[in-house]
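What follows is a single structure, written as structure tokens, with notes after it.
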Amino acid sequence: MYFLTPILVAILCILVVWIFKNADRSMEKKKGEPRTRAEARPWVDEDLKDSSDLHQAEEDADEWQESEENVEHIPFSHTHYPEKEMVKRSQEFYELLNKRRSVRFISNEQVPKEVIDNVIRTAGTAPSGAHTEPWTFVVVKDPDVKHKIRKIIEEEEEINYMKRMGHRWVTDLKKLRTNWIKEYLDTAPILILIFKQVHGFAANGKKKVHYYNEISVSIACGILLAALQVIGKIILKELALISFLNL
Numbered sequence: 001m002y003f004l005t006p007i008l009v010a011i012l013c014i015l016v017v018w019i020f021k022n023a024d025r026s027m028e029k030k031k032g033e034p035r036t037r038a039e040a041r042p043w044v045d046e047d048l049k050d051s052s053d054l055h056q057a058e059e060d061a062d063e064w065q066e067s068e069e070n071v072e073h074i075p076f077s078h079t080h081y082p083e084k085e086m087v088k089r090s091q092e093f094y095e096l097l098n099k100r101r102s103v104r105f106i107s108n109e110q111v112p113k114e115v116i117d118n119v120i121r122t123a124g125t126a127p128s129g130a131h132t133e134p135w136t137f138v139v140v141k142d143p144d145v146k147h148k149i150r151k152i153i154e155e156e157e158e159i160n161y162m163k164r165m166g167h168r169w170v171t172d173l174k175k176l177r178t179n180w181i182k183e184y185l186d187t188a189p190i191l192i193l194i195f196k197q198v199h200g201f202a203a204n205g206k207k208k209v210h211y212y213n214e215i216s217v218s219i220a221c222g223i224l225l226a227a228l229q230v231i232g233k234i235i236l237k238e239l240a241l242i243s244f245l246n247l
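Residue numbers (full-length UniProt numbering): 1 to 247.
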């Protein structure tokens, strides 16, 4: 009985060594494996997914452009204000934006082209993922095109009210007396359509990833609203997930 004890101890030692070796091999194998898409693409958050989450692993890698290493340096210019001036400027800006309202009685008064160009340029200063600036602003003045856009939006909005939004959402909107009829889209002298770019193209024709494109465009829209308020123009935003075909 006693002479078996050293043998059992030896067997146990061999088992322990074997277990540790296999564990090390397993860890080395995992380190050598390619990372999953979620691990390799940290800019795509589970709660903030947009079309940055492209299946590039399954696509032809030759179609995609690598990031440019040499980019033009833009000097940073900063104005430091005294505390009293900061308080004054922040209060004035708040009071100005606090007057913003979403209205549905729209004037047909024309707006100078230079003003529209400036507010769009202002919106284009928004931050964006990897500075890709994934937005396109389209200014529409033609009455026929505006009317076609109105029809497209009204069709989508009717579906929203009847199906997509649900009873609670529709009930919450009753106090605002809104519906899917958008006659002001014909009245407004200018419509500014904002599109997100899912990807861009480099000079050589290859695709460029636009990271967080939906979030970046949303920030640009917010700055556009602020710029329009600064010039004293009342606007109404229409949120519509639609495709404009053959306009």
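No residue lacks a Cβ here, since even glycine has one placed at the ideal position from N, Cα and C.
Computed from a prediction, not measured in an experiment: that's the story for all the values here.
Around the Cβ of residue 248, are there at least 16 other Cβ atoms within 10 angstroms (buried) or fewer (exposed)?
-> A question about residue 248 goes unanswered here, because the residues of the chain that appear run from 1 up to 247.
How would you label V217, buried or exposed, when you count the other beta carbons within 10 angstroms and need 16 or more for buried?
-> buried
Taking buried to mean at least 16 other C-beta atoms within 10 Å of its own C-beta, is I91 buried or exposed?
-> In the sequence as presented, Ile is not what sits at residue 91; that position holds Gln. Under this definition Q91 is an exposed residue.
Looking at C-beta atoms only, is the number of pairs between the region 95 to 103 and the region 226 to 233 that lie closer than 8 Å three or more?
-> yes
By a C-beta neighbour count over all protein chains shown, 10 Å radius and 16 as the cutoff for buried, is I159 buried or exposed?
-> exposed
Per DSSP, what kind of secondary structure is T136 in: helix, strand or coil?
-> strand
In the DSSP assignment, find the beta strand (DSSP E) that holds L228 and state where it starts and stops.
-> Not the beta strand (DSSP E): L228 falls in the alpha helix (DSSP H), residues 213 to 230.
Can you tell which of S77, Q110, V103 has the C-alpha that lies nearest to the C-alpha of K141?
-> Q110
Residue range of the unbroken alpha helix (DSSP H) whose run includes L191 | First-last for L191: 191 to 196, but that is the beta strand (DSSP E), not the alpha helix (DSSP H).
Does the region 146 to 163 come within contact of the region 175 to 182, defined as at least 3 CB pairs closer than 8 Å?
-> yes
Are the beta-carbon atoms belonging to V103 and I231 less than 8 Å from one another?
-> no
Can you tell me which of the three DSSP states F93 falls into?
-> helix
Who pairs with G200 in a beta bridge, going by DSSP?
-> K208
Got a sec? Which residues, its chain only, sit under 7 Å from H147 by beta carbon, not counting five neighbours each side?
-> D186
Which of helix, strand or coil does DSSP assign to N160?
-> helix
Proximity winner among A126, V139, A123, K151, relative to K113 (alpha-carbon distances) = V139
In angstroms with no decimal places, state the Cα-to-Cα distance between P75 and H131.
-> 16 Å
Could you say which of K207, D144, K233, A123 lies nearest to C221 if we only look at CA atoms?
-> A123
Tell whether a beta-carbon distance below 8 Å holds between I194 and F137.
-> yes
Simplified DSSP state of R168, which is helix, strand or coil | helix
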